[in-house]
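*Asks:* First the structure, then my questions, so here it is.
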Amino acid sequence: MRHIIVVGGGAAGMMAAVGAARAGAAVTLLEQNEKTGKKVFITGKGRCNLTNTCGQEEFFEHIISNPKFLYSAFFNMDNRGIMDFFEKAGCRLKEERGGRVFPVSDHSSDVIAALNRQMEKEGVKVWLHTRVKKVLTRGMADLWQEEGPGAGKKYVTGVELSDGTRLKADAVIIATGGKSYAATGSTGDGYLFAENAGHTVKELKPALVPFTVKESWCMEMQGLSLKNVSVQLKCNKKKIYEGFGEMLFTHFGVSGPLILSASSYYVKKCYGAQADLTIDLKPALTAEQLDKRLLRAFDENKNRQFKNVLDGLLPSKMIPVIIRLSGISPEKRVNEITRQERNDLSGCIRRLTMTVTGTRGFQEAIVTQGGVHVKEIDPSTMESRLMDGLYFAGEVLDLDAVTGGFNLQIAWSTGYLAGEDAAKKRE
Ligand SMILES: Cc1cc2nc3c(=O)[nH]c(=O)nc-3n(C[C@H](O)[C@H](O)[C@H](O)COP(=O)(O)OP(=O)(O)OC[C@H]3O[C@@H](n4cnc5c(N)ncnc54)[C@H](O)[C@@H]3O)c2cc1C
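Under the working numbering, think of the first position of the sequence shown as -6, with each following residue one higher.
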């Protein structure tokens, strides 16, 4: 019987452990925390958006980095497969807006409990408080002649723990996660293991992360949350993102679901550069409709000052900012406002533009963009092309997606495939 060690008891690691055990291997999962699934616990604001019901084509459209690499893993264990897995494991699921899937209970702890139960059922040994320090390897040259098959290639022999204990294994699956929210245990160790094994790690960048913004008027609106707005992000005059939904002003810039999604495209395409973020505060109205709406508000308040007539149109925190940006004197009586001034005001409402100067750091990032270079990993197995018996799964790989359950699906699919293959591989 093959012995598989899984490093990391997060989403990918637990799924890899179940996959390997079901395929007949003896599995030990090593987790440095006091419990498994610490990051899964905080997903989906504690409710765990564990996958998405969208069709295959749409699924891959939501993957930001290396969607094609995921084909085999996804088809081996797709979103339907994962929903079936959790339902059978006693975690009932429900679908919400945008195909997002959550446990019926709205508790991420039920997702973790289901995984823990499955691991126990399949006989996986889980070692908590166990930190892996090193992946142990040997050269094939020890076995074969230098010019023989596999010459120069290395293979895995086990792992060394932080207390110096060495554990032997036929295969090791690295499922140590990314670098974001390090307090959950994802401290980036897997990248070092990969580099020590000769792998390339593509630049690590925080993604699904709030933006920092240059304009100070933006910070004046901190705490203000906007629903049903559309945003457009342009870098070097090129549109890189367009979306509709919710956003939030903060003390450093902007955040909220719409901004997090925009950030992943920004990080992918123009990380470090300045970009223009334009908000349309009234996307449901045509230009004519908005003009009529303004005229009505002005007509109803003919003799009032401009600063006192925007109440029904904009949130109160935003009014002083829009008034300033419009260039119209706040004291001006509305019946004196010219057509040109009204057009300028409409422009501010339709195209409220701010300068993105960058992103917040890993501590506030939902995922890490970059990671172990997928060209060095076999997509049909998740095994390293450089080292026999070494597998990678989950966020440690250069894979990431927008919000909606796609990042966890990446972890489940790659984890399960790695586990199955590591267990089945012939000696
Ligand atoms: C706030 C937040 C909300 C999120 N919400 C969602 C959501 O709703 N839906 C979604 O799809 N995605 C969500 N994500 C992203 C998702 O959680 C991750 O993409 C996913 O957990 C990655 O799984 P993983 O197994 O690769 O890594 P992780 O879940 O991070 O697990 C890695 C594990 O490895 C362990 N480890 C690391 N190094 C070592 C070592 N040397 N020795 C032993 N153990 C080690 C860590 O302690 C950790 O338990 C969210 C992320 C955050 C931060």
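Beta carbons are placed, not taken as given, at the ideal position from N, Cα and C, and that holds for glycine.
Could you give the distance in angstroms between the alpha-carbon of Asp135 and the alpha-carbon of Arg159?
*Replies:* Because Asp135 carries a pLDDT of 49, less than 50, the predicted location of this residue cannot be relied on, and the following value inherits that uncertainty. So the two alpha carbons sit approximately 20 Å from each other.
*Asks:* Look up Gln215 in the DSSP assignment and say whether it is helix, strand or coil.
*Replies:* It is coil, neither helix nor strand.
*Asks:* In the DSSP assignment, the alpha helix (DSSP H) including Met76 goes from what residue to what residue?
*Replies:* It spans Asn72 to Lys81 - the alpha helix (DSSP H) in which Met76 sits, taken as one unbroken run.
*Asks:* If we call anything under 8 Å between Cβ atoms a contact, is Ala492 one with Leu410?
*Replies:* Since the displayed the chain opens at -6 and closes at 420, residue 492 lies outside it and no answer follows.
*Asks:* From the DSSP output, read off the bridge partner residues of Met347.
*Replies:* In DSSP, Met347 forms a bridge with Leu270.
*Asks:* Return the CA-CA distance between Arg(-5) and Leu201, expressed in angstroms with no decimal places.
*Replies:* C-alpha separation (whole angstroms): 38 Å.
*Asks:* Decide if Asp393 is buried, meaning its Cβ has at least 16 other Cβ atoms within 10 Å, or exposed.
*Replies:* Classification for Asp393: buried.
*Asks:* Cα separation between Arg286 and Pro308?
*Replies:* Cα-Cα distance, rounded: 16 Å.
*Asks:* Lys422 and Glu153: beta carbons closer than 8 Å?
*Replies:* The displayed coordinates of the chain run from -6 to 420. Any statement about residue 422 would go beyond what the structure contains.
*Asks:* Reducing DSSP to helix, strand and coil, say where Ala200 ends up.
*Replies:* Three-state result, Ala200: strand.
*Asks:* Given 7 Å as the limit, tell me if Cys41 has its C-beta closer than that to any heavy atom belonging to ligand 1.
*Replies:* Because some heavy atom of ligand 1 lies under 7 Å away, the Cβ of Cys41 counts as near it: yes.
*Asks:* Is any non-hydrogen atom of ligand 1 found closer than 7 Å to the C-beta of Phe399, if you look at the structure I gave you?
*Replies:* Correct: Phe399 has its Cβ closer than 7 Å to ligand 1.
*Asks:* In three-state terms, what does DSSP make of Ala164?
*Replies:* Note: Ala164 maps to strand in three-state DSSP.
*Asks:* Which residues bound the beta strand (DSSP E) around Ala19?
*Replies:* First-last of the beta strand (DSSP E) with Ala19: Ala19 to Leu23.
*Asks:* My guess is that Lys442 and Arg343 are in contact by the Cβ rule of under 8 Å, so how many angstroms apart are they, rounded?
*Replies:* Shown here, the chain extends from -6 to 420; a query on residue 442 therefore has no answer.
*Asks:* Mapping the DSSP letters down to three states, classify Cys228 as helix, strand or coil.
*Replies:* It is a strand residue.
*Asks:* Less than 7 Å between the CB of Tyr384 and some heavy atom of ligand 1, yes or no?
*Replies:* No - ligand 1 has no heavy atom lying nearer than 7 Å to the Cβ of Tyr384.
*Asks:* Could you check whether the Cβ of Gly6 sits closer than 7 Å to any heavy atom belonging to ligand 1?
*Replies:* Yes; taking the cut-off as 7 Å, the Cβ of Gly6 has a heavy atom of ligand 1 nearer than that.
*Asks:* Assign Asn42 to one of three DSSP states: helix, strand, or coil.
*Replies:* Residue state, collapsed to three classes: coil.
*Asks:* Less than 7 Å separating the Cβ of Leu217 from some heavy atom of ligand 1?
*Replies:* No, since every heavy atom of ligand 1 falls outside the 7 Å radius drawn around the Cβ of Leu217.
*Asks:* Does the count of Cβ pairs from the stretch 339 to 354 and the stretch 369 to 380 closer than 8 Å reach three?
*Replies:* With the cut-off at 8 Å, the stretch 339 to 354 and the stretch 369 to 380 do not touch.
*Asks:* Is Asn26 near ligand 1, going by C-beta to nearest heavy atom under 7 Å?
*Replies:* Answer for Asn26: yes, Cβ within range of ligand 1.
*Asks:* Can we say the stretch 105 to 115 touches the stretch 78 to 88, given the rule of at least three CB pairs closer than 8 Å?
*Replies:* Verdict: yes, contact present.
*Asks:* Looking only at C-alpha atoms, which of Ser155, Asn72 and Phe245 sits nearest to Asn400?
*Replies:* Nearest of Ser155, Asn72 and Phe245 to Asn400, Cα basis: Asn72.
*Asks:* Give me the Cα-Cα distance between Pro372 and Leu318, rounded to the nearest whole angstrom.
*Replies:* Whole-angstrom Cα-Cα distance: 52 Å.
*Asks:* Under 8 Å, do Ala4 and Trp405 count as touching if we go by C-beta distance?
*Replies:* Result yes, Cβ atoms of Ala4 and Trp405 sit closer than 8 Å.
*Asks:* So does the stretch 260 to 273 actually touch the stretch 290 to 298, counting three or more Cβ pairs closer than 8 Å?
*Replies:* Segments in contact, no.
*Asks:* Helix, strand or coil for Thr407, going by three-state DSSP, please let me know.
*Replies:* Here Thr407 sits in helix by DSSP.
*Asks:* Our contact map puts Met214 next to His244 with C-beta atoms below 8 Å; I'd like the distance itself, whole angstroms only.
*Replies:* In fact, because the Cβ distance is near 10 Å, the residues do not count as touching under 8 Å.
*Asks:* When you compare only the Cα positions, how much space is there between Gly151 and Gly412?
*Replies:* Near 16 Å, if we compare the C-alpha coordinates of Gly412 and Gly151.
*Asks:* When burial is assigned at 16 or more other CB atoms within 10 Å of the CB, is Ser58 buried or exposed?
*Replies:* Buried: at least 16 other Cβ atoms inside 10 Å.
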